[in-house]
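Numbering (the numbering used here), first residue to last: 118 to 224.
All C-beta atoms in this analysis are idealised placements derived from N, C-alpha and C, irrespective of residue type, glycine included.
These figures come from a predicted structure and were not determined experimentally.
Structure, as C-alpha cells:
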Amino acid sequence: MANCDIVCIGQQALKQTFAGVIRQQDVRATEIDKVEMAKCYRPGDIVRAEVLALGDARSFQLTTAKDEYGVVYAKCAVSGQAMVPSSATEMACPESRVVEARKVAQS
C-alpha cells in the first residue's frame, strides 16, 4: 500500500491536503498479483491518480490502473535531478543515467 497526499484535483490546487491510499490491487489493471509497490512509487514522487472511493474516515482510496495514471514526476535517488519517462515501467535520470522502476503515467 502507498500513502499519498492529495494536493490538487485536476488543475485546481487544494487549500489543504487530503490523505489518499493506493492499494496493490489498484496499481494496474493486469498482473495484479505481481505488483511490487516499491517498484511503482517512491517517497517524493508526484502521482496522477483517480479517486475510487472514500476509504475510511481518514483517507481516499485511489487507483492508477488506467494507462494515463501513475508517476508524472520523480527525482533521481543518485543525483536528485528530475527524471524523464523511458518506458511505461521506468524513469531515467538525464544526468546520472540511472534508471529506476516506476508505474509511469502515459500522456
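* To do: Return yes when the Cβ of Arg165 is within less than 7 Å of the Cβ of Ala222, no when it is not.
  => yes
* For Gln133, the first and last residue of its enclosing beta strand (DSSP E) -> Gln129 to Ile139
* Mapping DSSP to helix, strand and coil, what is Asp184? -> coil
* Asked: Since Thr134 contacts Asp150 with CB under 8 Å, what's their CB separation in whole angstroms?
  -> Their Cβ separation, rounded to whole angstroms, is 31 Å, which puts Thr134 and Asp150 out of contact at 8 Å.
* To do: Please state whether DSSP places Met60 in a helix, a strand or coil.
  => Any property of residue 60 remains undetermined from this structure, which presents the chain solely from 118 to 224.
* Cross-strand partners of Cys125 (DSSP beta bridge) -> Ala130
* Asked: Is DSSP giving Met200 helix, strand or coil here?
  -> coil
* Is the number of C-beta pairs between the stretch 169 to 186 and the stretch 211 to 219 that are closer than 8 Å three or more? -> no
* What's the C-alpha gap between Gln198 and Pro211? -> 8 Å
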